[in-house]
Amino acid sequence: MEQSRLAEICRATIDPVKREAAEKELETVKKIIGFAPSLLSMIMNGAIDVPTRQAGAVFLKNLIVSSWADPPEPDSPGLPLEFSLHEQDRAMLRDSIVDAVIQSPPQIRAQMAVCLIQVIKHDFPQRWVGIVDKVVVYLQTPNNNESWFGTLLALYQLVKNYEYKAKEDRAPLLEAMKLILPMLQDLTMKTLPDESEPAVLVQKQCLKVFYALVQYSLPLELLSQEMFGQWMEICRVIIQQPVPASTLEVSEEERPGLVHWKCKKWALHIVTRCCERYGLPNSVAKEYKQFAEFYIKAFAQGIIATLFQSVLDPYRQGQYVSYRVLQESLQYLVHTVGQALCWKFIKPHINVIIQEVIFKILCFNDEDEEMWQSDPTEYIRVKFDLFAEYQSPVTAAQNLLDTVCKKRKNVLQKTMEWVTGLINSGTLTPRQQDGAFNMVGAVSSTLLRKKPYKTQLENMLCSYVSPLFQSKEGYLRARGCWLLQQFSEAKFTRQENLIGCLELLRTAIMNPQEEVPVKVQAAVAIQDLMSDQDEIKNYLEPHIRDLTLCLLDLIRSTEIDEVTSCVQRIVCNYSVQLMPVAIDITNHLAQSFTTMLAQTQDDGDDNDSRAVAAMGILSTLETILAVWDDCKEVIAQLEPIVLQIVSGILTQGVSEFYEEAFSLVYSLCCDRVSANMWHIFSIMYEAFERDANEFFIDMMPVLHALITVDTPAFLSNENHVMAMYNMAKYIFDKAGDEDPMCHAAKLLEVMILHCGNSIEKCIPAFLEICLQRLFKKVESAELRQMLLQVLISAMYINRPLTLSTLERHTTPPLKETNNQAIPVLDFFVKQWIEDVDCFLGVHDRKVCVLGMCCLMDPGWSGKPAALEQVLPKIMPSFLILFDGLKRAYAYRATLEEEQSGDEEGEEGSDIDDRQLSSDEDDLDDEGRAYMEQLAGRMRVAGYSTLHSGGGDRDGDADDEETIDDEEQTALECQYSTPLDTEEGKQGYVDEFAVFKGLLEALQSLSPAIYNQMINLLNDEQKNQLHSIFVYANQRRAAAESAQIERQGGYQFSSNEVPQSFNFGARNGTFAPQQQ
């Protein structure tokens, strides 16, 4: 296609009148061989206007993202392949895409970079190593900052593709970087003397490439000590270089975005990350131990000196330092104060750092003042924003102060003496006063533990913190609230002092004249006090209704999630007292949520904090339903209010709240299903058909409850069953991920086992959609096992119907059948026995055992032909299943014991943390101790696959996860069936007894089959079979003993003590019960 015509079509896509027709034409011509390279040529044509080129770049990006990879094999033979770009086009694009990234203007370069990373993702290095040659050539271009920057952007895409991959998967990148990394280093050093913006952009991009290379794995085979040292020197020089004076002409708000400050930020990213992950000898992985010893001796002190000289000292003297550079510098000190070598260097300067840097950072400043006055709600949002907190120098300063006071001797004492002197001096401005108290709160965790201080905290809160609530400055009143939160665990010897502190918070919340940030901080503080001070419950009780209503008003006016959390705590603690106003509280929350929802939709607002607050309201409503769950009259009145919210979310298609909406519905139907629930179910089904199918897993608890809690109501309308069937069928047909498919199969299994022959007409349809999915490509053993399990469950419930359904079908040509069509029944039996080791946990293995017992029933004459072929595998399969069941039951018992042990609270003790002397390093023993404790627990449970010491930790973690997955599956934990009825309750089936009964029946009625099965066993397998019999007898005896105990003990009919008990009754049958 001619470039002029392509440009005309792309230009039309940004014309509202012509857009639809132009997009249709592009969708049509994109499949023509040569289209994509022609489009790229048009994009790179500088004679064409930039908006048209941008439109073309966006279309090319989307085309490459969706159609570059080789098409997957079709699910069934004969289906057409999905569209993907022809290899001829891909080859031409590979030859041009790096040039496009380098040569394109900034408006287009970002789209080209996305195209490049997609090509790298799919083709490097198997089909394309040319990117390395291209990068090398362009990096050798002399004195061309623009070309270098584009080249580095292309290189960055290559490195980013491997950034998060495991070490063993990074070999292709490391091979390329052997050639490129020295050139990258030379280029960075070459541009260092140049202060121009293009040169600094190149430096910054070089640093970003290096950071992506080393962030998660340090390639020691690539980085010699000499080369690493040169990179550290580069970072030191960049940190140390003064920023051009011209940057001071830019407003302070815009300065952090200047390339010179960004370059320093990336240099600090590198040194901080290398120190944190690879440079601390007592906390690094074993492979980095030697490197850490080298790092801490060779670089740490030099970097700290640079930070003192080029960041902290200029800031102390009043010069501008960007907040991210300041934050990263302080964070580096946080990591190094625990190292003896570093502490010796830091120690002489620590008082100056605390008193002139940390104190200054922690004081209320002009930026805070402006936001407090202009938008107090936004002020408090920023203060509680976790991401903003992570990047804040205030947080870094608090962390450094807390760490050094906790780990190093005498620092806490000197700091507290200095801060106390400041506070008592009477010379502090209100802002300085805020900074001083901020320092006190920053070390609260240490003060609460240290004997010299923890006994004085009550006096401090009463004498110094309480007066802050009378301050004219709102930020000081908020600081008082924050301090009460920080010291919420403090021990009060006089209850009136505790009540006095609580009254200050309550008054702040309920005072209509109080400023919003103070109210919010008071709410957070009162929540922590409720958690840590049991004595306050009675005091708050008379005020709790009015306090709660004030908090609800605060939620509505601020939309801040932290206030919602406070209401949740109050509802939990005062459920009885608040019951009379439960409906008012719920209505208030519902109205607040509805208002937030309307504002978001009307404004098209992408307000994250509002969305978080709305989610918090939904979470609070769930808490309300939980705490008043036992009061059915209250729940009945709350249900319509909650369901109205759910209905609004689902009918309006507000998908970001679907998960919370389904959780609310489950809270209402997990114990009882009202008539309203079936109306909500119809709305859920409509939402599923529209856009909620991606949330099928979140729907599952509700669907399970609707089936199991009130099965007669579920069966009273055949549309209920059909809706469940349609959802499962849609998931099998449309879902790309197999996890929802496993849940869909579980849904069918639950319906079959709970409803039995009441849904006899539907069972064939259930089986057919499972077979259709089974015949398609299945990636995971879990999905294949779950599909088989549906068939097995149907056979257990109604063997004649299941077998007659299977006998009517043949398989399509499959790899498993040598591309031959065979009877489905034969395929099913062979696949079942072949995959018997894929049945895990208790439930799945139990279903498999009961199904195999049905299959081997001596009273059934119409056994499939395939059974004769797999007969030698039947008894070994039983042994595998029962061995797994014994492990699974043991694992359950271990979990129950651990949960019982966890419920026994441990008496807390006062801990006086040992501080390090100047020549001691900080040791990170917590991780190692945790792993050893975990390994010990697993050994107690009988698992020897976990290594108690040494070895690869990642491998240990994998072993642990495998054990958990084998002995207790997620689906059986979440979704019960009648086969999961506990021992001793009506409907319980003992699979061990059923199996024993089967063998007795076979021995009596089909001795030939019995002898064939037994004679094929070796001695070890015969011993296993014997142990199963012993285990079965033990379970039967334990069950009968438990039954006797539940009935009040054994009742003797005479004075003679019986010599034996008859435990001979068999509990269970291999013949399925008809329902």
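Counting from 1, one number per residue, gives the positions in the sequence shown under full-length UniProt numbering. Glycine residues also receive a C-beta, built at the ideal position from the N, C-alpha and C atoms.
Using 8 Å as the Cβ pair cut-off and three pairs as the minimum, do the segment 392-400 and the segment 578-587 touch? no
Reducing DSSP to helix, strand and coil, say where residue 456 ends up. Position 456 of the sequence shown, counted from the start, is the residue given in the question as residue 456. It is coil, neither helix nor strand.
Under 8 Å, with one C-beta from each stretch per pair, do the segment 409-416 and the segment 362-376 reach the 3-pair mark? no
From residue 251 to residue 243, what distance separates their C-alpha atoms? For the purposes of this step, residue 251 is taken as residue 251 along the sequence shown, with counting starting at 1. For the purposes of this step, residue 243 is taken as residue 243 along the sequence shown, with counting starting at 1. One C-alpha to the other measures close to 15 Å.
Rounded straight-line distance, which links the Cα of residue 697 to that of residue 685: Counted from its first residue, the sequence shown places residue 685 at position 685. Counted from its first residue, the sequence shown places residue 697 at position 697. Those two C-alpha atoms are separated by around 14 Å.
So is the beta-carbon of residue 161 under 6 Å away from any non-hydrogen atom of the ligand NAP? As for the ligand NAP, it is missing from this structure, which has no ligand bound.
Separation of residue 437 from residue 980, as counted between CA atoms: Working through the sequence shown from its first residue, we reach residue 980 at position 980. Working through the sequence shown from its first residue, we reach residue 437 at position 437. Roughly 58 Å between the two C-alpha positions.
Evaluate residue 802 with the Cβ neighbour count: other Cβ atoms within 10 Å of its Cβ, from every protein chain shown; 16 or more gives buried, anything less gives exposed. Within the sequence shown, the letter at position 802 stands for residue 802. Under this definition residue 802 is a buried residue.
What is the DSSP secondary structure of residue 170, reduced to helix, strand or coil? As a working mapping, residue 170 is identified with position 170 in the sequence shown. Coil, per DSSP.
Roughly how many angstroms separate the alpha carbons of residue 1052 and residue 1039, rounded to a whole number? Along the sequence shown, one-based indexing puts residue 1052 at 1052. Along the sequence shown, one-based indexing puts residue 1039 at 1039. Its pLDDT being 43, under 50, residue 1052 is placed unreliably by the model, and nothing is read from it.
Within the same chain, show all residues whose beta-carbon is closer than 7 Å to that of residue 355, passing over the 5 residues directly before and after it, in chain order. Numbered from 1 along the sequence shown, position 355 holds the residue referred to as residue 355. Same-chain partners within the cutoff: 418.
Output yes or no for whether 7 Å exceeds the beta carbon distance between residue 781 and residue 838. Position 781 of the sequence shown, counted from the start, is the residue given in the question as residue 781. Position 838 of the sequence shown, counted from the start, is the residue given in the question as residue 838. In contact: residue 781 and residue 838 (Cβ atoms closer than 7 Å).
Closest by C-alpha distance to residue 590, when choosing among 427, 617 and 664: Sequence index remark: in the sequence shown, residue 590 carries index 590 (1-based). For residue 590, the nearest C-alpha among the options comes from 617.
Using a threshold of 7 Å, state whether the C-beta atoms of residue 151 and residue 162 are closer than that. Taking the sequence shown and counting its residues from 1, one reaches residue 151 at position 151. Taking the sequence shown and counting its residues from 1, one reaches residue 162 at position 162. No.
Taking only the alpha-carbon atoms, compute the straight-line gap between residue 182 and residue 236 and give it to the nearest angstrom. For the purposes of this step, residue 182 is identified with residue 182 of the sequence shown, where counting begins at 1. For the purposes of this step, residue 236 is identified with residue 236 of the sequence shown, where counting begins at 1. In a straight line, the C-alpha of residue 182 is about 18 Å away from that of residue 236.
One question on the structure: do residue 821 and residue 805 come within less than 7 Å of each other, judged by their Cβ atoms? Along the sequence shown, one-based indexing puts residue 821 at 821. Along the sequence shown, one-based indexing puts residue 805 at 805. Contact flag unset, no.
For residue 665 versus residue 680, is the C-beta spacing smaller than 7 Å? On the sequence shown, position 665 is the one that residue 665 refers to. On the sequence shown, position 680 is the one that residue 680 refers to. Yes, Cβ-Cβ distance for residue 665 and residue 680 is below 7 Å.
Cβ-based neighbour list, residue 265, same chain, cut-off 6 Å, excluding 5 preceding and 5 following: By 1-based counting over the sequence shown, the position of residue 265 is 265. Closer than 6 Å at Cβ, skipping near neighbours: 324 and 325.
Answer yes or no: do residue 789 and residue 749 have a C-beta to C-beta separation smaller than 7 Å? Here residue 789 is taken as the residue at index 789 of the sequence shown, counted from 1. Here residue 749 is taken as the residue at index 749 of the sequence shown, counted from 1. Their beta carbons are under 7 Å apart, which means residue 789 touches residue 749 by this criterion.
Going residue by residue through the segment 756-820, where are the continuous alpha helix (DSSP H) segments of at least 4 residues, counting only ones entirely within it? 763-775, 781-797 and 799-807
Assuming the contact rule is C-beta atoms closer than 8 Å, residue 890 and residue 842 should be a hit. Round their C-beta distance to whole Å, please. Sequence index remark: in the sequence shown, residue 890 carries index 890 (1-based). Sequence index remark: in the sequence shown, residue 842 carries index 842 (1-based). Going by Cβ atoms, the distance from residue 890 to residue 842 rounds to 11 Å, so no, they are not a contact pair.
Since residue 858 and residue 1001 should fall inside the 8 Å C-beta cutoff, what is the C-beta to C-beta distance between them, to a whole number of angstroms? Walking along the sequence shown from the start, residue 858 turns up at place 858. Walking along the sequence shown from the start, residue 1001 turns up at place 1001. About 5 Å separates the two Cβ atoms, so the contact holds.
Whole angstroms are fine: how far does the CA of residue 58 sit from the CA of residue 4? As a first step, residue 4 is located in the sequence shown; it is residue number 4 there, counting from the start. As a first step, residue 58 is located in the sequence shown; it is residue number 58 there, counting from the start. Roughly 18 Å between the two C-alpha positions.
Look up residue 578 in the DSSP assignment and give the residues it is bridged to. For the purposes of this step, residue 578 is identified with residue 578 of the sequence shown, where counting begins at 1. The partner list for residue 578 (beta bridge, DSSP) is empty, contrary to what the question assumes.
Going along the chain, which residues of its own chain have a beta-carbon closer than 7 Å to the beta-carbon of residue 598, five neighbours each way excluded? Your numbering for residue 598 matches position 598 in the sequence shown. Within the same chain, residue 598 has no close Cβ partners at all.
What are the boundary residues of the alpha helix (DSSP H) that includes residue 566? The residue given as residue 566 occupies position 566 in the sequence shown. First-last of the alpha helix (DSSP H) with residue 566: 561-573.
Once DSSP output is grouped into helix, strand and coil, what is the label at residue 408? Looking up residue 408 in the sequence shown gives position 408. Strand at residue 408.
With DSSP collapsed to three states, give me the class of residue 281. Numbered from its first residue, the sequence shown carries residue 281 at position 281. Residue 281: coil per DSSP, three-state reduction.
Ignoring anything shorter than 4 residues, give me the alpha helix (DSSP H) runs that lie fully in the segment 101-182, in order along the chain. 106-123, 130-139 and 145-162
Looking only at its own chain, which residues have a Cβ that is under 8 Å from the Cβ of residue 89, when we skip the five neighbours before and after it? The residue given as residue 89 occupies position 89 in the sequence shown. For residue 89, where only same-chain residues beyond five positions count, the Cβ hits under 8 Å are 33, 34, 35, 36 and 37.
Please go through the same chain and pick out, in chain order, the residues whose beta-carbon is closer than 7 Å to the beta-carbon of residue 44, but skip the five residues on each side of it. Locating residue 44 in the sequence shown gives position 44, counting from the first residue. 100, 103 and 104.
Residues in the same chain with beta-carbon distance under 8 Å from residue 849, minus the five sequence neighbours each way, listed in chain order, please. As a working note, residue 849 is residue 849 in the sequence shown. Here the set comprises 878, 881, 882, 885, 991, 994 and 995.
Closer than 7 Å by C-beta to residue 548: which residues in its own chain qualify, once you throw out the five before and the five after it? Chain order, please. Counting from 1 along the sequence shown, the entry for residue 548 is found at position 548. Closer than 7 Å at Cβ, skipping near neighbours: 567, 570, 578 and 585.
If you reduce the DSSP assignment to three classes, tell me which class residue 184 lands in. One-based indexing of the sequence shown puts residue 184 at position 184. Reduced to three states, the DSSP call for residue 184 is helix.
For residue 190, the nearest candidate out of 180, 898 and 203 (CA to CA): Reading the sequence shown from its first residue, position 190 is the one you call residue 190. When each option's Cα is compared against that of residue 190, the closest is 203.
Who does residue 823 pair with in a DSSP beta bridge? Position 823 of the sequence shown, counting from 1, holds the residue named residue 823. Partner(s): 810.
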